Amino acid sequence: MKGHTKMRLKANGITVYVTKSYEEMSKKAAGIVMAQVIIKPDSILGFATGGTPIGMYKEMVRIYQNDGVDFSQIKTFNLDEYFPIKRDNQQSYAYYMDHNLFKHIHIPSNNIHIPDGESCDVALECETYNEQLYQNGGIDLQVLGIGNNGHIGFNEPDVCFEARTHLVQLDQETIEANARFFASEEEVPRQAISMGIGNIMHSRKILMLVSGKSKANIISKTLFGSISPTLPASILQLHNDVTVILDEEAAEEVLGNPEYTRLL
Ligand code: PGA
Numbered sequence: 004m005k006g007h008t009k010m011r012l013k014a015n016g017i018t019v020y021v022t023k024s025y026e027e028m029s030k031k032a033a034g035i036v037m038a039q040v041i042i043k044p045d046s047i048l049g050f051a052t053g054g055t056p057i058g059m060y061k062e063m064v065r066i067y068q069n070d071g072v073d074f075s076q077i078k079t080f081n082l083d084e085y086f087p088i089k090r091d092n093q094q095s096y097a098y099y100m101d102h103n104l105f106k107h108i109h110i111p112s113n114n115i116h117i118p119d120g121e122s123c124d125v126a127l128e129c130e131t132y133n134e135q136l137y138q139n140g141g142i143d144l145q146v147l148g149i150g151n152n153g154h155i156g157f158n159e160p161d162v163c164f165e166a167r168t169h170l171v172q173l174d175q176e177t178i179e180a181n182a183r184f185f186a187s188e189e190e191v192p193r194q195a196i197s198m199g200i201g202n203i204m205h206s207r208k209i210l211m212l213v214s215g216k217s218k219a220n221i222i223s224k225t226l227f228g229s230i231s232p233t234l235p236a237s238i239l240q241l242h243n244d245v246t247v248i249l250d251e252e253a254a255e256e257v258l259g260n261p262e263y264t265r266l267l
């Protein structure tokens with residue numbers, strides 16, 4: 004395992020790559036997504052937002068521009084969207100995806116799916132999103148980040164795992180973490196539409212990106228701790244094809260845990 008990887012591990016069945024920096028993590032992740040598109044040009048890709056995958060999208064655009072990888076047949080489903088939010092609000096995930104990826108590649112707009120933060124019937128919107136996922140045969144490769152509280156998508160810590168796309172009340176911790184993208188904390192929407200844990204777990208492959216010291220503890224608990232809805236990402240231990248890419252800072256506590264197996 005050369006190139007962007009310093010080390011490759013298995014942790015509770017999950018393949019973990021440790022890279023030396025955010026840039027290396029992003030390149031490694033972009034390589035995996037681009038390989039998926041090359042191998043299966045009509046892949047269904049699940050995309051994530053937030054600060055972590057920005058470098059990956061940038062690298063995907065660079066590869067697209069240099070090597071002309073064809074995105075015209077892929078279909079995309081985003082994990083979540085704030086609710087309510089206008090599509091043209093610069094903090095909406097619709098805007099984020101357009102700005103960071105879609106406007107730079109050729110992809111038919113009908114192939115793009117993001118929950119509608121402007122919907123006037125949110126229950127119907129959730130049901131429609133579930134149906135679209137189902138009709139398209141589910142996701143081939145789902146990209147994930149992880150929240151400081153262990154959320155995936157906007158599935159916040161809870162007493163049970165929510166299976167399907169649903170309306171979420173955001174945790175105070177999430178509102179505070181995401182306030183950095185808004186002019187003030189008050190402006191962060193209090194709700195979001197999110198794919199459920201079942202939607203995510205039905206993906207055939209999952210790729211999680213984790214960067215920075217602040218995530219070192221939660222990713223270690225995710226990989227080695229008990230599986231519980233109080234740490235939603237822990238359910239990934241039950242999926243049979245998960246790859247996690249860490250930068251060195253995020254890997255600190257994982258590498259301090261003796262329960263991993265180092266792969267050659
Ligand atoms: P971040 O968010 O990449 O901005 O840290 C990750 C997440 O909340 O899933």
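Its first residue numbered 4, the sequence shown is counted upward by one per residue in this note's numbering.
From the three backbone atoms N, C-alpha and C, an ideal C-beta is built for every residue, glycine too.
The model shown is predicted, which means the values in this text are computed figures rather than measured ones.
- Query: Sorry if obvious, but does the Cβ on His102 come closer than 7 angstroms to a heavy atom of the ligand PGA?
  - Reply: Taken from the Cβ of His102, every heavy atom of the ligand PGA lies 7 angstroms or farther away.
- Query: Which residue comes first and which comes last in the beta strand (DSSP E) that contains Ile248?
  - Reply: Note, Ile248: beta strand (DSSP E), Val245 to Asp250.
- Is Ile149 near the ligand PGA, going by C-beta to nearest heavy atom under 7 angstroms? Yes, since a heavy atom of the ligand PGA falls inside the 7 angstroms radius drawn around the Cβ of Ile149.
- Per DSSP, what kind of secondary structure is His116 in: helix, strand or coil? Here His116 carries a strand assignment [DSSP, helix/strand/coil].
- Could you give the uninterrupted runs of the beta strand (DSSP E) lying entirely in the segment 123-210, keeping only those of 3 residues or more? 144-147, 169-172 and 194-197, all fully within the segment 123-210.
- Task: Mind checking who Gly49 pairs with in its DSSP beta bridge?
- Result: Gly49 is bridged to Phe80 and Gln145.
- Message: Am I right that Leu226 and Ile248 are in contact with their C-beta atoms under 8 angstroms? What's the rounded C-beta distance?
- Response: Rounded, the Cβ-Cβ distance is 13 angstroms, inconsistent with contact.
- Decide if Thr168 is buried, meaning its Cβ has at least 16 other Cβ atoms within 10 Å, or exposed. With 16 or more Cβ atoms within 10 Å of its Cβ, Thr168 is classed as buried.
- Task: Run the proximity test for Gly16: is its beta-carbon closer than 7 angstroms to any non-hydrogen atom belonging to the ligand PGA?
- Result: With a threshold of 7 angstroms, the Cβ atom of Gly16 does not count as near the ligand PGA, since no heavy atom of the ligand is closer than that.
- Take every Cβ of the segment 66-73, pair it with every Cβ of the segment 35-42, and state whether three or more of those distances are shorter than 8 angstroms. A contact is defined here as three or more CB-CB pairs under 8 angstroms, and the segment 66-73 meets this definition with respect to the segment 35-42.
- Just mark Thr55 as buried or exposed, buried being the case when its beta carbon has 16 or more other beta carbons within 10 Å. Answer is buried; the Cβ neighbour count reaches 16.
- Message: Please return the same chain residues whose Cβ sits closer than 6 angstroms to the Cβ of Tyr85, not counting the five positions on each side in sequence.
- Response: Contacts found: Gly120, Pro192 and Ala195.
- Item | CB of Gly148 within 8 angstroms of CB of Met198, strictly | Taking a C-beta distance under 8 angstroms as the contact criterion, Gly148 and Met198 do not qualify as a contact pair.
- Task: Out of Leu48, Glu134 and Asp143, point me to the one whose CA is closest to Met100's CA.
- Result: Taking only the C-alpha atoms, the option nearest Met100 is Leu48.
- When you compare each of Arg65, Ile108, Leu12 and Phe80 to Gly140 by their alpha carbons, which one comes out closest? The shortest Cα separation from Gly140 among Arg65, Ile108, Leu12 and Phe80 belongs to Phe80.
- Item | Whole-angstrom distance between Asn243 and Gly16, CA atom to CA atom | Straight-line spacing of the CA atoms in Gly16 and Asn243 works out to 7 angstroms.
- Item | Whole-angstrom distance between Ile209 and Val146, CA atom to CA atom | Taken atom to atom, the span from the alpha-carbon of Val146 to that of Ile209 is near 6 angstroms.
- Query: Hey, is Gly53 close to the ligand PGA, as in C-beta under 7 angstroms from one of its heavy atoms?
  - Reply: Yes, the ligand PGA has a heavy atom inside 7 angstroms of this Cβ.
- For Val307, which residues from the same chain have a beta carbon less than 6 angstroms from its beta carbon, with the 5 sequence-adjacent residues on both sides left out? In the structure as shown, the chain starts at 4 and stops at 267, and residue 307 therefore has no counterpart that could be examined.
- Query: Residue range of the alpha helix (DSSP H) that Tyr263 falls in?
  - Reply: In this chain, Tyr263 is not harboured by any alpha helix (DSSP H), its DSSP state being neither H nor E.
- Message: What I want to know is whether the C-beta of Leu7 ends up closer than 7 angstroms to one or more non-hydrogen atoms of the ligand PGA.
- Response: Looking at the sequence itself, residue 7 is His, so the reference to Leu does not match. No - the ligand PGA has no heavy atom lying nearer than 7 angstroms to the Cβ of His7.
- Task: State buried or exposed for Asp91, treating a residue as buried only when at least 16 other CB atoms are found within 10 Å of its CB.
- Result: By the beta-carbon neighbour count (other beta carbons within 10 angstroms, threshold 16), Asp91 is exposed.
- Between Ile57 and the rest of its own chain, which residues show a CB-CB distance below 7 angstroms, the 5 nearest in sequence each way excluded? If we look at Ile57 and ignore the five residues flanking it on each side, its Cβ neighbours are Asn103.
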